Amino acid sequence: MKKERDFFLNLLGEGKEIILKKAGETIVNVGQPGEYTYLLKAGTAQIDLFGGKHTVEIGPGNLIGLMGSIDGRDYEDTTVAITDCELIPIDRKRAEYLFREHPTFAFHIIKVLIDRFYFALDLAKQYCQAGVSI
20 MKKERDFFLN LLGEGKEIIL KKAGETIVNV GQPGEYTYLL KAGTAQIDLF GGKHTVEIGP
80 GNLIGLMGSI DGRDYEDTTV AITDCELIPI DRKRAEYLFR EHPTFAFHII KVLIDRFYFA
140 LDLAKQYCQA GVSI
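So the number in this note's numbering is just where the residue sits in the sequence shown, counting from 1, plus 19.
Next up, the structure:
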């Protein structure tokens, strides 16, 4: 994942539009319309998975609300800033441009999706082995 985080920061890190979130502020909320994917440029954030049953801490170069700029579905998880964060928003139009003009962008997005799929699969296996329902 470090390779993907570095790629996204190099490609998008000089974004003109930066959104600032203070520690404790919500970045995306479960059920909120997914209009944007956010690149976490600086700071740390916590993603609450499965209604907060599991949390993941992320840092610079990670993407938040990944499907937001692709299919516009409501966000599936809540993400909160742990420290002050700088975010670069990516809307659908910008995502389409990046897919078209930077073909390696698509490869890195697919790699992130695969990593997240296997993470979720491993997490589901752990819950099943422990007899806990998700």
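Backbone N, C-alpha and C define an ideal beta-carbon position, used for all residues, glycine too. These numbers were taken from a predicted model, which means no experiment stands behind them.
Query                                                                                                                                                                         : Result
Checking 8 Å against the spacing of the C-beta atoms, do E23 and V99 come in under that value?                                                                                : no
Should the region 113-121 be called in touch with the region 68-75, which here means at least 3 C-beta pairs below 8 Å?                                                       : no
Buried or exposed: Y94, going by 16 or more other Cβ atoms within 10 Å of its Cβ?                                                                                             : buried
Tell me whether the region 102-114 and the region 37-45 touch, counting them as touching only if at least three CB pairs, one residue from each stretch, are closer than 8 Å. : yes
In chain order, which alpha helix (DSSP H) runs of at least 4 residues are fully inside the region 57-129?                                                                    : 87-90, 111-120
For G78 versus K60, is the C-beta distance shorter than 8 Å?                                                                                                                  : no
Tell me which residues share the same chain as I38 and place their Cβ nearer than 8 Å to its Cβ, disregarding the 5 neighbours each side in the sequence.                     : Y57, E105, L106, I107, P108
Is it right to say N29 is buried, meaning 16 or more other beta carbons lie within 10 angstroms of its own, or is it exposed?                                                 : exposed
According to DSSP, is V49 part of a helix, a strand, or is it coil?                                                                                                           : coil
Give a yes or no on whether 8 Å exceeds the smallest Cβ distance from D110 to chain D.                                                                                        : In the structure shown, chain D does not exist; there is a single protein chain.
Reducing DSSP to helix, strand and coil, say where I38 ends up.                                                                                                               : strand
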